[in-house]
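In the working numbering, the protein residues as written are 2 to 337. A virtual CB, placed ideally from N, CA and C, is assigned to each residue, including glycine. In what follows, a structure is listed as structure tokens, so that the remarks can point back to it.
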């Protein structure tokens, strides 16, 4: 493992940790937010490039307006009006997205300093979120592991324990771009989802009802198709989120591979397995021309997030009680 000091946030040191496997695949992540800054993978010609979009300036990870590469929680996605209902009581969470609570709040796991240890091509992150942080109840001990295997699997394991009932719904907000070093956008990537149902959103981007993907052809990825076909659609839901995708898809429980992302030009692909019931696909619709990313100007559709998780805003369905354990795993199998 390599460890490098890359900055200081809030008078605390920020370090970048790098692990690799014998095939030359490398992963770099920060102790701040667990932010993944690099995932270097060969293409079909053996040229190794970063398939994660990242800020050129490490200082931008302190605010990280696009949540690049971070661990998201306690709850991923939006909570309508910031309201939780636990044991008959209403809990009001901090609002940080208009009238809603987004991605765990103003602080959240994405803006926390994690303790990091390394073991056998794996990074282990630990953080204890105190009772009342971002208005959530309970002291929660979080453990997240990033692991690279010899057959080029990038595995994320999530673990949490609490001393008081609280909702837990974790994900990672890495933006993938398989062209490598963000040479082009992701519109010509192919996407395939083992999903028959998608949640449509209200005006506040809160999931309101699920529909069969046959009813919204733009979101029908049951067979692989170019991502740009969704953007070219006149579908109202595409326009609602800025001209793209930012929607939860329910995953087929029987399918082993839930998601396949492919870039034919580079020869790279990612095949995803997860025990989460859903994935939020986000096509970077809100990314603007600044700040600089991967050595070039940032742009809409610079990457695509594959946010495996529970369906957002269903907090009462994923409450974690004292003496229970939250455990989830997502596997990204890298091929080239």
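Check                                                                                                                                                                      : Outcome
Count the C-beta pairs between the stretch 233-240 and the stretch 155-165 that are closer than 8 Å, then say yes if the count reaches three, no if not.                   : no
Is it a yes or a no for the stretch 77-86 touching the stretch 46-62, going by three-plus beta-carbon pairs under 8 Å?                                                     : no
Are the beta-carbon atoms of residue 76 and residue 55 separated by less than 8 Å?                                                                                         : no
With distances taken Cα to Cα, identify the nearest neighbour of residue 221 among 190, 197, 210.                                                                          : 197
Any contact of the stretch 56-68 with the stretch 187-201, i.e. 3+ C-beta pairs under 8 Å?                                                                                 : no
Assign residue 289 to buried or exposed, taking buried as 16 or more other Cβ atoms, counted over all protein chains shown, within 10 Å of its Cβ.                         : exposed
Tell me which same chain residues have a C-beta within less than 6 Å of the C-beta of residue 333, skipping the five on either side of it?                                 : 155, 271, 273
Mapping DSSP to helix, strand and coil, what is residue 250?                                                                                                               : strand
What are the uninterrupted segments assigned as beta strand (DSSP E) that are 3 or more residues long and contained completely in the stretch 20-70, given in chain order? : 27-31, 37-43, 49-51
With distances taken from CA atoms, which of 16, 246, 88, 278 is nearest residue 255?                                                                                      : 278
Would you report the Cα separation of residue 422 and residue 238, rounded to the nearest angstrom?                                                                        : Residue 422 lies beyond the range of the chain shown here (2 to 337); nothing can be said about it.
Can you have a look at residue 104 and say buried or exposed, based on whether 16 or more other CB atoms are within 10 angstroms of its CB?                                : buried
Within its chain, find whatever has a CB closer than 6 Å to the CB of residue 293; leave out the 5 residues flanking it on each side and keep chain order.                 : 57
Using a 10 Å radius around the Cβ and a threshold of 16 neighbouring Cβ atoms, would you call residue 267 buried or exposed?                                               : buried
On the DSSP bridge list, what partners appear for residue 174?                                                                                                             : Residue 174 pairs with nothing; no bridge assigned.
Would you list the residues sitting across from residue 154 in a DSSP beta bridge?                                                                                         : 334
So, with DSSP's three-state summary, where would you put residue 308?                                                                                                      : strand
In whole angstroms, give me the CA-to-CA distance for residue 4 and residue 142.                                                                                           : 24 Å
Going by C-alpha distance, which of 139, 243, 301, 12 is nearest residue 324?                                                                                              : 139
Mind checking if residue 99 is an interface residue toward chain C, Cβ cutoff 8 Å exclusive?                                                                               : In the structure shown, chain C does not exist; there is a single protein chain.
From residue 106 to residue 41, what does the alpha carbon distance come to, in whole angstroms?                                                                           : 30 Å
When the distance is taken between beta carbons, is residue 187 closer than 8 Å to residue 305?                                                                            : yes
Put residue 147 into one of helix, strand or coil per three-state DSSP.                                                                                                    : strand
Between 167, 176, 95, which lies nearest to residue 300 when the distance is taken from Cα to Cα?                                                                          : 176
With 16 other CB atoms within 10 Å as the buried threshold, where does residue 248 fall?                                                                                   : buried
So the alpha helix (DSSP H) residue 240 belongs to, where does it begin and stop?                                                                                          : 237-241
Roughly how many whole angstroms lie between the Cα atoms of residue 257 and residue 86?                                                                                   : 34 Å
How many Å lie between residue 202 and residue 78 at the Cα?                                                                                                               : 12 Å
Please tell me whether residue 36 and residue 62 are closer than 8 Å, where the distance is taken between their beta carbons.                                              : yes
Considering Cα atoms alone, identify which of 336, 60, 284 is closest to residue 12.                                                                                       : 60
Determine the direct distance from the alpha carbon of residue 240 to that of residue 223, and round the result to whole angstroms.                                        : 22 Å
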